[in-house]
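As numbered in numbering that gives the first Met the number 0, residues 0 to 226 make up the sequence shown, in order. Every residue gets a Cβ at the ideal spot worked out from N, C-alpha and C, and that includes glycine. Here the structure is a predicted model, which means the values were calculated and not measured.
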Amino acid sequence: MSFPSLIDTAQFSLETVRAHIQHALRKAKKEAAPYTHWLLEDVFPEEVCAALTAWDPGKSAIAGDTQGRRETHNANRVFINQAVRAHSKPLAYLAEVLDEAETRALFSSVTGSEVADNWLRMELCLDTDGFWLEPHTDIGAKKLTFLVSLSRGKGSEEWGTDIMNAEGQSLKRASGKFNSGLIFIPAEDTWHGFARRPIEGIRRTLIINFVDKSWRARHELAFEERA
Numbered sequence: 000m001s002f003p004s005l006i007d008t009a010q011f012s013l014e015t016v017r018a019h020i021q022h023a024l025r026k027a028k029k030e031a032a033p034y035t036h037w038l039l040e041d042v043f044p045e046e047v048c049a050a051l052t053a054w055d056p057g058k059s060a061i062a063g064d065t066q067g068r069r070e071t072h073n074a075n076r077v078f079i080n081q082a083v084r085a086h087s088k089p090l091a092y093l094a095e096v097l098d099e100a101e102t103r104a105l106f107s108s109v110t111g112s113e114v115a116d117n118w119l120r121m122e123l124c125l126d127t128d129g130f131w132l133e134p135h136t137d138i139g140a141k142k143l144t145f146l147v148s149l150s151r152g153k154g155s156e157e158w159g160t161d162i163m164n165a166e167g168q169s170l171k172r173a174s175g176k177f178n179s180g181l182i183f184i185p186a187e188d189t190w191h192g193f194a195r196r197p198i199e200g201i202r203r204t205l206i207i208n209f210v211d212k213s214w215r216a217r218h219e220l221a222f223e224e225r226a
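Spelled out as structure tokens, the structure:
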């Protein structure tokens with residue numbers, strides 16, 4: 000696995016990352032149908048995007064047909080954890096900002112979901128042609144789901160998450176535009192997935208979750224040492 004290179008400039012700091020992400024959250028557009036969700040643009044600052052797109056976890060991390068479930072690829076899934084934070088200042092700043100009480104309070108203000116006592120989990124997903132996801136709700140330990148699209152290239156704006164019904168019919172599709180985001184609060188009706196369609200190259204997504212303390216896979220947490 001190769002980590003993104005360090006970036007250290009006078010213009011790039013924890014404070015600039017915080018200001019950028021919190022601005023994006025405040026400008027989130029609320030949508031009511033088919034269930035409540037929020038759409039965001041320009042989610043991360045340039046330096047964080049550069050780190051996430053330069054990060055190469057290796058070929059084993061790239062998922063094709065996983066039979067509709069990420070769990071079938073568990074051994075090769077990739078998370079922002081202590082080791083990654085130690086090697087990448089942009090991703091360390093990203094994790095710190097999302098874990099801060101101030102940002103958690105903003106998530107709660109925007110969505111109405113209380114995440115103050117939850118744990119932060121961030122997964123980098125790399126998908127290729129053949130990949131699809133069956134409809135699922137995230138209901139359970141996940142208390143907030145935030146997906147950020149990080150793909151560039153031909154057709155990538157059509158690679159956003161499908162907002163579905165229980166039968167797997169795509170009712171709406173979030174944008175796959177680079178650095179756009181989708182937030183929802185898992186509930187019985189928050190069906191979503193990825194309808195099978197061509198992927199030319201790699202579909203890159205950062206999935207951010209706040210999870211409750213029933214979450215057993217502590218190694219997946221951004222701050223396992225704080226759990």
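Straight-line measurement puts the Cα of Q66 at about 33 Å from the Cα of H86.
Within 10 angstroms of the beta-carbon of P185 lie 16 or more other beta-carbons, which makes it buried. Between R151 and G159, the beta carbon gap of about 14 Å keeps them out of contact (Cβ cut-off 8 Å).
Boundaries for K212: no beta strand (DSSP E) harbours it, and the DSSP string shows neither H nor E there.
At a cut-off of 3 residues, the continuous stretches assigned as beta strand (DSSP E) that sit fully inside the segment 100-158 are 118-126, 132-135 and 141-148. Short of 7 Å from the beta carbon of D98, and not among the five residues preceding or following it, lie these beta carbons of its own chain, in chain order: L119, A221 and F222.
Judged by beta-carbon spacing, I182 lies beyond the 8 Å limit of M121, meaning their Cβ atoms are not closer than that value.
The C-beta distance from G167 to P134 rounds to 5 Å, short enough to fall under 8 Å. In this structure, T189 keeps its C-beta atom at 8 Å or more from the C-beta atom of L149.
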